[in-house]
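Worksheet: the structure to be examined is printed underneath.
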Amino acid sequence: MKLPQIINSLLETDMYKFSMGQTIFHQFTSYKTTWTFKCRNKDVHFSEEMVEEIRQQIAAFCGLRFTEEELDYLDNITWIKGSYVDFLRLWQPRYEEFTITTDAPCGLSIEAAGTWLNTTMYEIPILAIVNEVYFRMAYDYDELLEQFKTRLSQKVEMLEKNKYRLNTFSEFGLRRRLSAQAQEIAVEALTGLKDTDSKFIGTSNVYLAKKYNLKPIGTMAHEWIMCTGQGNHKHNPAYSNWYALDAWVKEYGILNGIALTDTITTDCFLRDFQLTYATLFSGVRHDSGDPYEWGEKMIAHYKKLGIDPGTKTLLFSDSLDFEKATQIYDHFKDKVQVAFGIGTFISNDTNVPALNIVMKTTKCNGMDVAKISDIAGKGMCKNPDYVDYLNRCIEYRMNNDN
110 MKLPQIINSL
120 LETDMYKFSM
130 GQTIFHQFTS
140 YKTTWTFKCR
150 NKDVHFSEEM
160 VEEIRQQIAA
170 FCGLRFTEEE
180 LDYLDNITWI
190 KGSYVDFLRL
200 WQPRYEEFTI
210 TTDAPCGLSI
220 EAAGTWLNTT
230 MYEIPILAIV
240 NEVYFRMAYD
250 YDELLEQFKT
260 RLSQKVEMLE
270 KNKYRLNTFS
280 EFGLRRRLSA
290 QAQEIAVEAL
300 TGLKDTDSKF
310 IGTSNVYLAK
320 KYNLKPIGTM
330 AHEWIMCTGQ
340 GNHKHNPAYS
350 NWYALDAWVK
360 EYGILNGIAL
370 TDTITTDCFL
380 RDFQLTYATL
390 FSGVRHDSGD
400 PYEWGEKMIA
410 HYKKLGIDPG
420 TKTLLFSDSL
430 DFEKATQIYD
440 HFKDKVQVAF
450 GIGTFISNDT
460 NVPALNIVMK
470 TTKCNGMDVA
480 KISDIAGKGM
490 CKNPDYVDYL
500 NRCIEYRMNN
510 DN
C-alpha cells in the first residue's frame with residue numbers, strides 16, 4: 110500500500126450494519142447477496158494506480174478481527190444479544206468474495222458476492238476506502254484538509270451562535286468522508302459544542318461513537334427491505350415492507366425502532382405501517398422525495414391511526430446541510446419530534462465536490478432486487494424488466510388492496 114491503512118477497526122462501519130446483521134444472523138443465515146459499486150459522478154475517473162491501492166486497502170481490511178474490547182462494547186448495547194457477539198468473535202471479511210477491476214466507465218468496478226451475513230458488512234468500509242484513496246491520490250490532500258477545517262470551524266461558530274436550529278442531530282458521513290482523519294476532527298469538534306439550540310447526540314460510525322462516548326446511531330437500510338421482501342421468490346415484492354417490519358419486531362420488539370419508509374415508495378410503506386407497527390416503532394426515517402410533503406404525510410398517518418404525532422420522531426437524512434435542517438425543524442417543531450442525520454456536509458465539505466458513490470445489493474438469492482424510492486434516480490438494478498415488474502406489483506397493490 111502507498112497510503113496508510115484506511116480502515117483499522119471492524120467497528121469502523123455504520124451502526125445499522127450491526128442491527129441488520131444481528132437479525133440476518135438469527136433469521137436469514139442462508140440468504141446470499143451480490144453487491145455492486147457505482148460512481149454516479151460522470152467526470153470522475155479512477156486511475157489504475159488508484160484501483161491497485163483500493164485492492165490493497167480492501168485486502169488489509171480483510172485482515173482485521175474484532176478485539177475483545179470491541180466485542181465488550183457491542184455486548185453492552187441494550188439490543189445486541191450474546192449469540193451475535195459470539196458470532197462476531199469468529200467473523201472475518203473474506204477478500205475472495207470481491208471482484209475488483211478497471212472494467213467500468215469510471216475506471217473502477219467492485220462486486221462482492223457471498224452470504225448476506227458476510228457481504229452486508231463490506232459496503233461501508235469499502236466506500237470509505239474508495240473515497241479516501243481518491244481524494245488522497247487525485248488532489249493535494251493537505252490542502253483539502255485545510256479547506257475542510259476552515260469550513261468546519263465556520264459551522265461550529267454558526268451553531269454556537271444559534272444561527273442554526275437542529276434540535277438533535279447525528280453525524281452520518283462515514284461512507285462519503287474525505288478521510289478517517291477528517292471525520293474524527295468533525296466528530297470531536299461537534300462533541301465540544303457549547304450552549305447551543307442544536308444538540309449533537311451521536312454518530313453512525315461505531316468506532317468513533319465508542320471513542321468519544323457518543324450514541325451509535327442507526328437501525329435499518331434499504332437493503333433490509335429489499336432482501337427480506339424480494340429475496341424470497343414466494344413473496345409478492347409489493348409487501349416487502351411488511352416482511353421487513355415483521356422480522357424486525359420479532360428480533361427487537363419495541364427496541365431499536367426507526368423504520369425506513371421509501372424502499373418501494375412511502376405510499377406503499379404506509380399500507381403496511383398500520384397501528385401495531387406504528388405503535389411499536391418510535392419513528393420513521395426520510396431518505397428521498399420532498400421532506401415537507403413526506404413529514405406532513407407521516408403526521409396525517411399517525412393522526413389517522415389515533416396516535417399522537419408528538420410522541421413519534423421524524424428522522425431526516427436525505428442530502429442535508431444545516432440550513433436545510435433548520436428550515437425543516439422550524440416547520441415541524443410544534444407538530445412532532447424532529448431529528449437529523451447529516452452526512453457529507455459534515456464529513457466531506459471542501460472546495461472539491463464530494464463523490465456520489467454507492468454500493469448496493471443488486472441480487473438476493475440469485476434474484477434481482479430493486480429500490481423504487483420517492484424520487485427518480487436513486488435506484489440501482491441491472492435488470493429493467495424486474496424494475497418494471499416491481500412497479501407493476503406496487504401499482505396493482507395500491508389500486509386494489511385497500
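Under our numbering, the residue at position 90 of the sequence shown is numbered 199, and the numbers go up by one with no gaps.
Ideal Cβ positions, reconstructed from N, Cα and C, are used throughout, including at glycine.
Legend entry - Runs of alpha helix (DSSP H) lying entirely within the region 183-253, each at least 4 residues, in chain order: 191-199, 225-228, 232-247
Inset, instruction - Measure the CB-CB distance between residue 196 and residue 134 and report whether it falls below 8 Å. - result: yes
Inset, instruction - Taking 8 Å as the threshold, find out whether the region 246-259 comes into contact with the region 405-419 through three or more Cβ pairs. - result: no
Inset, instruction - State the start and end residues of the unbroken beta strand (DSSP E) segment that holds residue 311. - result: 307-312
Legend entry - Straight-line gap, residue 264 to residue 114 (C-alpha atoms, nearest Å): 29 Å
Inset, instruction - Report buried or exposed for residue 185, applying the criterion of at least 16 other Cβ atoms within 10 angstroms of its Cβ. - result: exposed
Legend entry - Reference residue 216; option with closest CA among 229, 160, 141, 174: 160
Inset, instruction - Between the Cα of residue 232 and those of 366, 125, 320, spot the shortest distance and give me the residue it belongs to. - result: 125
Inset, instruction - Decide yes or no for the touch test of the region 280-295 against the region 450-464: beta carbon pairs closer than 8 Å, at least 3 of them. - result: yes
Inset, instruction - Using alpha carbons as the reference points, say which of 213, 198, 170 lies closest to residue 148. - result: 213
Inset, instruction - Kindly indicate which three-state DSSP category residue 450 falls into: helix, strand or coil? - result: strand
Inset, instruction - Can you grab the Cα-Cα spacing for the pair residue 210 / residue 146, in whole Å? - result: 11 Å
Legend entry - For residue 346 and residue 499, the rounded distance between their alpha carbons: 7 Å
Legend entry - Under 8 Å between C-beta atoms of residue 348 and residue 306: no
Legend entry - Whole-Å CB distance - residue 356 paired with residue 129, under 8 Å assumed: In fact, because the Cβ distance is near 10 Å, the residues do not count as touching under 8 Å.
Legend entry - Beta-carbon proximity check, residue 334 vs residue 353, cutoff 8 Å: yes
Legend entry - residue 118 beta carbon less than 8 Å from that of residue 316: yes
Inset, instruction - With a threshold of 16 other CB atoms inside 10 Å of the CB of residue 342, please say whether the residue is buried or exposed. - result: exposed
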